[in-house]
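Data block below; observations after.
Residue numbers (this note's numbering), protein chains in the order written: chain A, 284 to 349; chain B, 80 to 163.
What follows is the structure, encoded as structure tokens:
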């Protein structure tokens, strides 16, 4: 199912399965990345920058008609 | 390091280890994660020892059983001295 196309630190798990049939949803397999320092990690609630996804509660790009 | 900093360090190390634990659950052979897990386990143990030797046990199982169960000697959480 998962064959190594890109090293993910787990040795053989790539982000996506080799065969990815259409019409399916996929969550990419997490890859190792340089983590936050422990004080930042505690503050941000995660050690992985790519999981640091705060809800800002406003539109990212303003769609208001000016 | 005073008590506050030591407790902060303990909380940071606990959180970091928990994050690494979650990652290692799905990536049990990840070299970087394993190295970090080992490093922070040692850091956490050192921080615990430093804190306990100065301020007493954090959890009851860390209490001394030589002469006195010093777990009871701490200011209890609801006491004013514990919330300065």
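The C-beta atom is built at its ideal place from N, Cα and C for all residues, glycine as well.
Since the model is a prediction, treat every value here as computed from it, not as a measurement.
Discussion item. What would DSSP say about residue 318(A), mapped onto helix, strand or coil?
Written reply: By 1-based counting over the first chain, the position of residue 318(A) is 35. Note: residue 318(A) maps to coil in three-state DSSP.
Fill in: Simplified DSSP assignment, three categories, for residue 342(A)
For this step, residue 342(A) is matched to residue 59 along the first chain. If DSSP states are grouped into helix, strand and coil, residue 342(A) belongs with coil.
Worksheet item: CA-CA distance, residue 147(B) and residue 135(B)?
Response: Here residue 147(B) corresponds to residue number 68 of the second chain, with the count starting at 1. Here residue 135(B) corresponds to residue number 56 of the second chain, with the count starting at 1. Rounded to the nearest angstrom, the two C-alpha atoms are 12 Å apart.
Discussion item. Can you check whether the C-beta of residue 334(A) is within less than 7 Å of a C-beta belonging to chain B?
Written reply: The residue given as residue 334(A) occupies position 51 in the first chain. The beta carbon of residue 334(A) does not come within 7 Å of any beta carbon belonging to chain B, so the residue lies off that interface.
Item to complete: Could you check the C-alpha separation between residue 159(B) and residue 153(B) for me, to the nearest Å?
Response: Looking up residue 159(B) in the second chain gives position 80. Looking up residue 153(B) in the second chain gives position 74. Pairing residue 159(B) with residue 153(B), the inter-Cα distance amounts to about 12 Å.
Discussion item. As a quick exercise: from 335(A), 297(A), 329(A) and 308(A), pick the residue whose alpha carbon is nearest that of residue 49(B).
Written reply: An answer regarding residue 49(B) cannot be provided, because it is not within the stretch 80 to 163 covered by chain B.
Discussion item. Measuring only from the beta carbon, is residue 334(A) closer than 6 Å to any heavy atom that is part of the ligand SAM?
Written reply: Ligands are entirely absent from the displayed structure, and the ligand SAM is therefore not among its contents.
Worksheet item: Looking at the C-beta of residue 322(A), does it have a partner C-beta in chain B at a distance below 7 Å?
Response: Taking the first residue of the first chain as position 1, residue 322(A) is located at position 39. Yes, because at least one Cβ of chain B sits closer than 7 Å to the Cβ of residue 322(A).
Item to complete: Can you tell me the Cβ-Cβ gap for residue 321(A) and residue 333(A), rounded? I've got them flagged as a contact below 8 Å.
Response: Indexing the first chain from 1 puts residue 321(A) at position 38. Indexing the first chain from 1 puts residue 333(A) at position 50. Residue 321(A) to residue 333(A), Cβ: 18 Å. No contact.
Item to complete: Indicate whether at least one CB of chain B lies closer than 7 Å to the CB of residue 330(A).
Response: Position 47 of the first chain, counted from the first residue, corresponds to residue 330(A). Yes, its Cβ sits closer than 7 Å to a Cβ of chain B.
Worksheet item: Any Cβ of chain A within less than 7 Å of the Cβ of residue 94(B)?
Response: Taking the first residue of the second chain as 1, we reach residue 94(B) at position 15. Interface residue, yes.
Worksheet item: From residue 305(A) to residue 298(A), what does the alpha carbon distance come to, in whole angstroms?
Response: Taking the first chain and counting its residues from 1, one reaches residue 305(A) at position 22. Taking the first chain and counting its residues from 1, one reaches residue 298(A) at position 15. About 16 Å.
Worksheet entry | Rounded distance between the beta-carbons of residue 102(B) and residue 126(B), thought under 8 Å | Indexing the second chain from 1 puts residue 126(B) at position 47. Indexing the second chain from 1 puts residue 102(B) at position 23. With a Cβ gap of about 21 Å, residue 126(B) and residue 102(B) do not count as contacting.
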